[in-house]
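All remarks here apply to the structure that follows.
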Amino acid sequence: MGFSDLLDSLGGLGTFQMLQTALLLLPGCLFSCQNFLQNFSAAEPDHRCRLPSPDNRSGAGDLTGPGRPDRCLRYPRPQWQLLLPNASAEGLVTEGCLQGWVYERTVFLSTIVTEWDLVCAKKPLKSIAQSIYMTGLMVGSVVFGILSDRFGRKTMLFWSSMQSAAMGVCVAFIPSFVGYCLFRFLSGIALSGTFLTSICLAVEWTPTQKRTVVNSFATYTITVGQIVLSGWAYLIPDWRWLQFSTSVAFGIILLYSWWLPESGCWLVVHHRLAEAVKNLQKVAWINGRKEQGAKLTPEVVTSHFQEEIANTKSSPFISDLFRSPAIRKTTCCVMFAWFSSGFSFYGLALDLQKFGFSIYWVQIVFAAVDVPSKLLVAFGMVYLGRRITLISFLLLGGSMIIINMFVPSGEMILALLGKGGLSGSFACLYQYTLELFPTEIRQMGLSSGVFGARVGSLLAPLVFIIGNYVPILQPVMFGLAPVLAALSSCFLRETRNLPLPETIREIEERLVSLTCCSSG
-2 MGFSDLLDSL
8 GGLGTFQMLQ
18 TALLLLPGCL
28 FSCQNFLQNF
38 SAAEPDHRCR
48 LPSPDNRSGA
58 GDLTGPGRPD
68 RCLRYPRPQW
78 QLLLPNASAE
88 GLVTEGCLQG
98 WVYERTVFLS
108 TIVTEWDLVC
118 AKKPLKSIAQ
128 SIYMTGLMVG
138 SVVFGILSDR
148 FGRKTMLFWS
158 SMQSAAMGVC
168 VAFIPSFVGY
178 CLFRFLSGIA
188 LSGTFLTSIC
198 LAVEWTPTQK
208 RTVVNSFATY
218 TITVGQIVLS
228 GWAYLIPDWR
238 WLQFSTSVAF
248 GIILLYSWWL
258 PESGCWLVVH
268 HRLAEAVKNL
278 QKVAWINGRK
288 EQGAKLTPEV
298 VTSHFQEEIA
308 NTKSSPFISD
318 LFRSPAIRKT
328 TCCVMFAWFS
338 SGFSFYGLAL
348 DLQKFGFSIY
358 WVQIVFAAVD
368 VPSKLLVAFG
378 MVYLGRRITL
388 ISFLLLGGSM
398 IIINMFVPSG
408 EMILALLGKG
418 GLSGSFACLY
428 QYTLELFPTE
438 IRQMGLSSGV
448 FGARVGSLLA
458 PLVFIIGNYV
468 PILQPVMFGL
478 APVLAALSSC
488 FLRETRNLPL
498 PETIREIEER
508 LVSLTCCSSG
């Protein structure tokens, strides 16, 4: 019997698990808010050059109608002759916005763009700031993975939540753009730790058979967070107060994290048996299984943990992901699928202003499309198989982005379908990756995939910079990546209705031959 069987005897997915999961959904929502915060805090309002003093107009004027001023250039002196019929501006000398810019402020009172004039030549800095934040997320997934294994999930959840709040507040009050980027990077590290440790804590207190349910709830917190952020940003149009409020909210986690028990798995592995028994008895009491809890002793807990101990006797190395031909092929294909999904997903989700509609509604619609997408993925994985479902959603995401280049009138609808496809590929990959790798390197296999997605997400904003100079490259790159990932996914084996492999050798023995896009 394994530790999962012990949890089943103490109530399985009982009152404790449901209450704990509900409490641990908040970190996911707040994490999602921070991920997409720059859609609003770095929004670029309409603007024009500030005129030489005196420029007494209180607003930016009409920046959207016919004859609107250029965003980045101005004439050194008034050119009144241009008001005459058939007047031409050809040959007239222009200059940059030497006195800065005037911004339209009916939608956003203040953003980092208006604060530090991140327009025209400085426009790429906005994308660089987002990439720096994404780099922090990538670093945090590694750092807090190591720290949570050493110091415990609960301890790191408390620490990372406190760091998320503190670093976020620093971002809100920092006076310089360089400082903004630095503290966003540190905030990204902490946020990654908060999200990953909360998921880990929830999953490790849930029996194996019910963990898919918990993982599903976790993926939906990303959707809920995007919707909540839209309303949050609408109510607080000043970027500093928006940043402050979404950061201080992490303090709520600190208020209830003391109640959450440390992971039983982690306690037993670190030989803290007395504490493990105490926490298990607490779980049994909340689930209404007091008698079963009273029977628990360190020896009983250890006996149930032999299966987990057997699977962790030898520490896996990263090289194990590339040790044999079958695992090497799986690792490369899985990492590329994760990379492409993250790359193109954030390429769409972080560039909402281009659609020309209210950014608040666009954010809500782009989030809501995840719901039917993930439901279709669940149906496809059960009835069609994991591989064909992944390939289909990757192709949907990539092809919609590419087609969008040729159908400007349907840009919003096609982009929604593309985002839904990429969101679905993410949902499929979480389950499929766990089934592709054997027990001895399963967690490492999932981590490698998530790492690939992080790399893709930090590169996506940099493509926006390229798009400023060569617009066609942006949709080509975001569309081609998922299509290529779909083709490479043909080499993955089908796992539907198959037992989970335990060792690398078992996979090698199972795998006799692979045919591209075969039925599995």
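For what it's worth, my numbering labels the leading residue of the sequence shown as -2, then goes sequentially.
Quick reminder that beta carbons are idealized off the backbone N, C-alpha and C, glycines included.
No experiment lies behind these values; they were computed from the predicted model shown.
ARG47 is bridged by DSSP to nothing; it lacks a bridge partner. As computed with DSSP, TYR100 is found in a beta bridge with HIS44. In this chain, the alpha helix (DSSP H) harbouring THR220 covers 208 to 232. Cβ neighbours of GLY395 within its own chain (closer than 6 Å, five residues either side excluded): GLY476, PRO479, VAL480. A straight-line Cα-Cα distance of about 28 Å links SER158 and LEU459. Looking at the backbone, the Cα of GLY190 and that of LEU226 are separated by about 20 Å. Beta-bridge pairing by DSSP links SER422 to no other residue. Restricted to the stretch 270 to 352, not a single beta strand (DSSP E) segment is unbroken, complete and at least 3 residues in length. Within the same chain, and ignoring the five residues on either side of LEU489 in sequence, the residues whose Cβ sits closer than 6 Å to its Cβ are CYS330, ARG384. Taking a cut-off of 8 Å for Cβ pairs, the stretch 443 to 453 and the stretch 330 to 339 touch, as three or more such pairs fall below it. A straight-line Cα-Cα distance of about 18 Å links THR299 and THR203.
At a Cβ-Cβ threshold of 9 Å, ILE398 and SER341 count as neighbours.
The secondary-structure analysis by DSSP pairs SER107 across a beta bridge with ASP235.
Considered as a whole, the stretch 127 to 180 harbours 150 to 170 as its complete alpha helix (DSSP H) runs of no fewer than 4 residues, in chain order. Its chain contains CYS30 as the residues whose beta carbon lies nearer than 6 Å to that of THR243, once the 5 sequence neighbours on both sides are disregarded; these appear in chain order. Excluding sequence positions up to five before and after ASN284, its CB lies within less than 7 Å of the CB of LEU7, GLY8, GLY11, THR12, PHE13, all in the same chain and listed in chain order.
In the three-state reduction of the DSSP assignment, LEU70 falls in the strand class, which pools E and B.
In the three-state DSSP reduction, GLY417 falls in the helix class (H, G or I).
Exposed is the label assigned to THR91, since fewer than 16 other Cβ atoms lie within 10 Å of its Cβ.
Within the same chain, Cβ atoms closer than 8 Å to the Cβ of VAL116 are found at GLU41, HIS44, ARG68, CYS69, TRP98, VAL110, the five residues on either side in sequence being excluded. One thing to note: SER195 has its Cβ within 9 Å of the Cβ of LEU21. Using a Cβ-Cβ distance cut-off of 8 Å, the stretch 127 to 135 and the stretch 206 to 223 are not in contact, since fewer than three pairs of beta carbons, one from each stretch, lie closer than that value.
Contact between LEU345 and GLY248 does not hold, since the beta-carbon distance rounds to 32 Å and is not under 8 Å. In chain order, VAL359, GLU408, MET409, ALA412 place their CB closer than 8 Å to the CB of PHE352, counting only its own chain and leaving out the 5 sequence neighbours on each side. Its chain contains SER145, ARG150, SER260 as the residues whose beta carbon lies nearer than 8 Å to that of CYS197, once the 5 sequence neighbours on both sides are disregarded; these appear in chain order. Residue ASP348 holds the alpha-carbon nearest to the alpha-carbon of PRO472 among ILE356, ASP348, ALA281, ALA424. About 16 Å separates the Cβ atoms of SER485 and LEU318, ruling out a contact at the 8 Å cut-off. Beta-bridge annotation (DSSP): GLY93 is paired with LEU70.
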